[in-house]
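Trainee:
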Amino acid sequence: MGCNFAKEVWGCSSDIRPLTSHTGDLYRWLSSLGCSTPKFDLDLLSKALLICWQIWEARNNMLFQGSKLHPACCIHVVATVGLNYWQLNSSVQKEKDIPMVIKWHPPSTGWIKVNFDGSLMNSQASTGFVILNCDGNVLLAGSNNIGENSINAVESVALRDGLVAAIERDWDQIMVEGDSKLVIDSILKKSKPPLEHPTYYSGYLVPYFLCRLYPFSACVQGGKLQG
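See the structure below:
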């Protein structure tokens, strides 16, 4: 292998030892790599052939287009193409294709559930909540624009507004559900609240004290955290 560029490309490969001499037997070298398929990666023979293809393409581009590619970029392309091929063709990927069904579950009889969420768009924050009964019927919904805020503050304010709306109507058997694990963990004192924005104080403190007065528990369900 007399090409300096090819030597540099092979030198960037961590798991394949290149052909040591330009007089070596290429067929024997390729055969020595084997083609047994690892569980989470391409086999060495496939990697070697992809590297050969990238060296050939890079040299053509340098010769006909005058563009010079860094050797490490060739290995990066090989890794990307190889990973995509493996994901599309491996049995492991096919096993992962089984969809997970995420379903909303109503609260127990006599309870209500507050679903809350927050969103950011162009630095502007919006909050929203929906309160449903054990039959899945909507009892109340609300939304609000609160200007520039962090996502933690937005989620906290959404939870606060939902809880306050429920308690103002004397609904005291309350479950909450949202996709912010950090917010609910903070309320349950499982983690410290990141009080990085003034709005977070009002969003965090009200649910914190309300949940000292009313039953509040947490479990992971359907990809969301329920409290």
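Numbering-wise, the sequence shown is residues 1 to 227 according to full-length UniProt numbering. All C-beta atoms, glycine included, are put in the ideal place defined by N, C-alpha and C.
The beta strand (DSSP E) that contains L120, what's its start and end?
Mentor: Its beta strand (DSSP E) spans residues 112-121.
Trainee: Could you give the distance in angstroms between the alpha-carbon of F64 and the alpha-carbon of V81?
Mentor: Straight-line Cα distance between these residues: approximately 24 Å.
Trainee: What are the uninterrupted segments assigned as beta strand (DSSP E) that are 3 or more residues long and contained completely in the UniProt domain "RNase H type-1" (115-192), given in chain order?
Mentor: As far as the UniProt domain "RNase H type-1" (115-192) is concerned, its whole beta strand (DSSP E) runs of at least 3 residues are 124-132, 138-147, 174-178.
Trainee: With distances taken from CA atoms, which of D179, S13, K7, A153 is nearest V114?
Mentor: Among D179, S13, K7, A153, the Cα nearest to that of V114 belongs to D179.
Trainee: Helix, strand or coil: which one does DSSP assign to K7?
Mentor: Helix at K7.
Trainee: Any idea what DSSP makes of K47, helix, strand or coil?
Mentor: Reduced to three states, the DSSP call for K47 is helix.
Trainee: Evaluate N84 with the Cβ neighbour count: other Cβ atoms within 10 Å of its Cβ, from every protein chain shown; 16 or more gives buried, anything less gives exposed.
Mentor: N84 comes out exposed.
Trainee: Let me know the secondary structure DSSP gives residue 228 once reduced to three states.
Mentor: Given a span of 1 to 227 for the chain in the structure shown, any question on residue 228 remains unanswerable.
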